[in-house]
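According to our numbering, the sequence shown is numbered sequentially starting from 156.
See below for the structure under consideration.
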Amino acid sequence: MIVVMNKNLKPRYRTNLVKQQSLCESSFHKLRHLLPELDNQDNFQLKLHYQKHTGVVEFQVVSRAPFTLELDVSIQADWGQWLDMPSFRIRAYQDVRMAEIVSMNRERNFEALYDYPNQKMHQPDEKAQLNQLLAEWLNFCLAHGFSDQKVV
């Protein structure tokens, strides 16, 4: 019996825990830099200006626990009808100083690894991609955001 191996098969995706931890730690520090009054306030508004476009990002604390914090994030922008603005929930772990997306457009509980193809058509590394999106989005907010709120 001869077994023929298909050379076109991709190797199974493996989660890089060190990279994911680093990304989540970086996101936590960016979030804290963006919202320095996060311990004392529950609602924040950040205005964005990029080229000729403007937008508003609203952060609302939805739960606080001794070591975790959850924020709902919604974006309103005039960036055209071709771009659907996401809404997501961020969970910040205060004790380990990490932040991650736990919900995106009302979809929750992302697995670290998905078989592909799957019923919801998630990518094998969907959670990693969402956390990368969070990091890049926080970078954008830090670079192009400003607040009218008075800093005490």
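For every residue, glycine included, the Cβ atom is placed at its ideal position computed from N, Cα and C.
My understanding is that residue i touches residue j, with C-beta atoms under 8 Å, so please give their C-beta distance in whole angstroms.
i           : j           : result
residue 241 : residue 260 : 6 Å
residue 186 : residue 254 : 5 Å
residue 232 : residue 208 : 7 Å
residue 222 : residue 249 : 5 Å
Using alpha carbons as the reference points, say which of the options lies closest to residue i.
i           : options               : result
residue 265 : 197, 244, 301 and 229 : 244
residue 287 : 258, 228 and 179      : 179
residue 262 : 248, 250, 282 and 251 : 282
residue 251 : 199, 207 and 184      : 184
residue 170 : 296, 270 and 298      : 270
residue 195 : 216, 284 and 227      : 216
residue 202 : 285, 228, 267 and 284 : 228
So the beta strand (DSSP E) residue i belongs to, where does it begin and stop?
i           : result
residue 201 : 198 to 205
residue 187 : It is not in any beta strand (DSSP E) - residue 187 instead sits in the alpha helix (DSSP H) that spans 172 to 189.
residue 224 : 223 to 232
residue 265 : Element bounds for residue 265: n/a, residue is neither H nor E.
residue 240 : Premise fails: residue 240 is in no beta strand (DSSP E) and is neither H nor E.
residue 192 : Counting along the chain, residue 192 falls outside any beta strand (DSSP E), and DSSP gives it neither H nor E.
residue 219 : 208 to 219
residue 258 : 253 to 259
What is the rounded straight-line gap between the Cα of residue i and the Cα of residue j?
i           : j           : result
residue 301 : residue 205 : 11 Å
residue 212 : residue 177 : 25 Å
residue 214 : residue 166 : 39 Å
residue 224 : residue 172 : 22 Å
residue 310 : residue 218 : Nothing in the structure corresponds to residue 310, since the chain is present only between 156 and 307.
residue 275 : residue 257 : 17 Å
residue 174 : residue 197 : 30 Å
residue 285 : residue 295 : 15 Å
residue 293 : residue 267 : 21 Å
residue 210 : residue 181 : 24 Å
residue 192 : residue 220 : 16 Å
First and last residue of the alpha helix (DSSP H) that includes residue i?
i           : result
residue 281 : 281 to 299
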